[in-house]
């Protein structure tokens with residue numbers, strides 16, 4: 001016969017007997033990919049609620065688990081007539097804030113999503129799906145089919161948080177990669193890669209290790225280098241950008257995974273395409289005629305995450321979701337950096353820095369960048 005559940009008085013005695021250090025160690029080990037467990041723990045008693053919402057505990061929780069969990073997927077589909085409206089597909093039981101109305105998703109990173117939207121005019125939205133906070137960012141009026149974008153949080157010189165947005169036309173609208181102070185876009189021709197160092201204000205071009213394939217993904221590797229993934233002849237190839245003994249950077253093939261027996265196919269003509277990577281997940285998203293799959297590079301475990309669609313790019317939304325998240329009001333400064341190529345020889349960039357309620361700085365700049373087909377560093 002099952003024992004009756006403990007009374008509230010017994011629970012209070014049990015929780016009160018736990019030393020704060022022991023309680024913290026127990027709570028630290030609650031899995032971030034099941035955020036509902038932290039919410040249940042916070043409801044046990046006031047002491048547990050205070051412990052879980054303490055900023056010091058939240059810093060330790062993030063440091064202990066390192067990579068944030070996957071909370072949802074934003075699908076960047078091919079532009080097709082009658083395609084369903086884009087949305088954030090939740091992957092956990094906890095509720096996220098309602099989706100804003102948007103036309104396409106550009107990026108997800110560091111707990112923020114970058115969305116392209118319109119009502120009377122076109123604009124961009126930086127959205128936090130956990131808190132529901134939204135920042136509207138002006139659009140400089142470039143044709144939307146020829147640019148991509150990125151959003152990320154970094155540290156300003158005074159240690160304030162900020163969001164950064166970059167945009168370059170004539171690039172493929174794939175998810176970009178952020179590696180340290182460098183952000184990487186892919187061009188349409190030969191899958192060439194543009195590297196922008198936002199700390200040094202410098203652009204350079206990198207050849208692709210596989211210029212002829214259609215579906216590719218850029219990512220940060222475990223060692224902090226740039227990674228490149230694609231599928232050729234039913235195998236997933238992964239390269240890493242490394243510095244050789246002579247001090248020159250080169251592509252080194254680090255993984256080859258045969259997909260023939262790992263991913264099911266509906267018929268022999270089915271093709272698989274790389275459509276994205278999960279930052280911090282160590283996983284590649286692969287689209288096939290029977291569904292969307294993740295492939296973990298270390299374990300080679302395959303998991304179906306969505307039904308078949310005409311996917312172009314997958315944007316995983318990853319963030320720590322804790323009880324304190326819905327109570328915290330962000331006062332971060334949002335910096336928007338928009339960059340594009342104008343008439344093949346000039347680079348223009350538009351910088352907007354704003355708090356939640358006021359505009360602080362807004363400037364449009366232009367500088368020579370491309371000379372004789374070569375990319376040169378910008379003057380600081």
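In UniProt numbering, the protein residues as written are 1 to 380. Glycine included, each C-beta is placed from N, C-alpha and C at the ideal position.
Counting the other CB atoms within 10 Å of its CB gives residue 186 a total of 16 or more, which places it among the buried residues.
For residue 277, the enclosing beta strand (DSSP E) starts and ends at 273-278.
For residue 28, the secondary structure class from DSSP, reduced to helix, strand or coil, is helix.
Taken through DSSP and simplified to helix, strand or coil, residue 247 comes out as coil. For residue 217, the three-state secondary structure derived from DSSP is strand. For residue 56, the secondary structure class from DSSP, reduced to helix, strand or coil, is helix.
Cα atoms of residue 277 and residue 322: separation of roughly 25 Å, rounded to the nearest angstrom.
Look at residue 320 here: in three-state DSSP terms it is coil, with no helix or strand label. Annotation: the continuous alpha helix (DSSP H) that includes residue 40 extends over 36-42. DSSP places residue 232 inside the beta strand (DSSP E), whose first and last residues are 226-232. Counting along the chain, the unbroken beta strand (DSSP E) around residue 182 starts and ends at 182-186.
In the three-state scheme derived from DSSP, where H, G and I count as helix and E and B as strand, residue 211 is classed as coil.
By the CB criterion at 8 Å, residue 101 and residue 35 fall outside the cutoff. Counting every other CB atom within 10 Å of its CB across the protein chains shown gives residue 200 a total below 16, marking it as exposed.
Shown here, residue 138 sits in a strand according to DSSP, grouped into three states.
Minimum Cα-Cα distance from residue 241 among the listed residues 50, 118, 206, 212 corresponds to 206. In the displayed model, residue 102 falls within coil according to three-state DSSP, outside both helix and strand. Residue pairing by DSSP places residue 177 opposite 184 in a beta bridge.
Its chain contains 195, 197 as the residues whose beta carbon lies nearer than 6 Å to that of residue 182, once the 5 sequence neighbours on both sides are disregarded; these appear in chain order. Separation of the CB atoms of residue 149 and residue 88 is rounded to 17 Å, and the pair is thereby denied contact status at 8 Å. The beta carbons of residue 238 and residue 227 sit about 6 Å from each other, so the pair counts as a contact at 8 Å. The alpha-carbon separation between residue 190 and residue 210 amounts to approximately 8 Å. Beta bridge pairing from DSSP links residue 242 with 250. The count of Cβ pairs closer than 8 Å, one atom from the segment 128-135 and one from the segment 106-120, reaches three, so the stretches are in contact. For residue 189, no beta strand (DSSP E) segment is defined, and its DSSP state is neither H nor E. Per the coordinates, the alpha-carbon of residue 222 lies some 10 Å from the alpha-carbon of residue 281.
Under the three-state reduction of DSSP, residue 46 is assigned to helix. By DSSP's assignment, residue 196 forms a beta bridge with 183, 203.
Residues 117, 136, 137, 138, 139 of the same chain have their beta carbon placed closer than 7 Å to that of residue 123, with the five preceding and five following residues left out of the count. If you draw a straight line from the Cα of residue 251 to the Cα of residue 279, it is about 20 Å long.
With a beta-carbon spacing of about 4 Å, residue 318 and residue 68 fall inside the 8 Å limit used to define contacts. The residue from 217, 97, 62 with its alpha-carbon nearest to that of residue 29 is 62.
Burial check for residue 184: the Cβ neighbour count within 10 Å reaches 16 or more, so the residue is buried.
For residue 298, the closest alpha carbon among the candidates 236, 307, 57 is that of 236.
Looking only at 70, 32, 230, the smallest Cα-Cα distance to residue 214 is reached by 230.
Distance between residue 177 and residue 66, taken at the CA atoms: about 18 Å.
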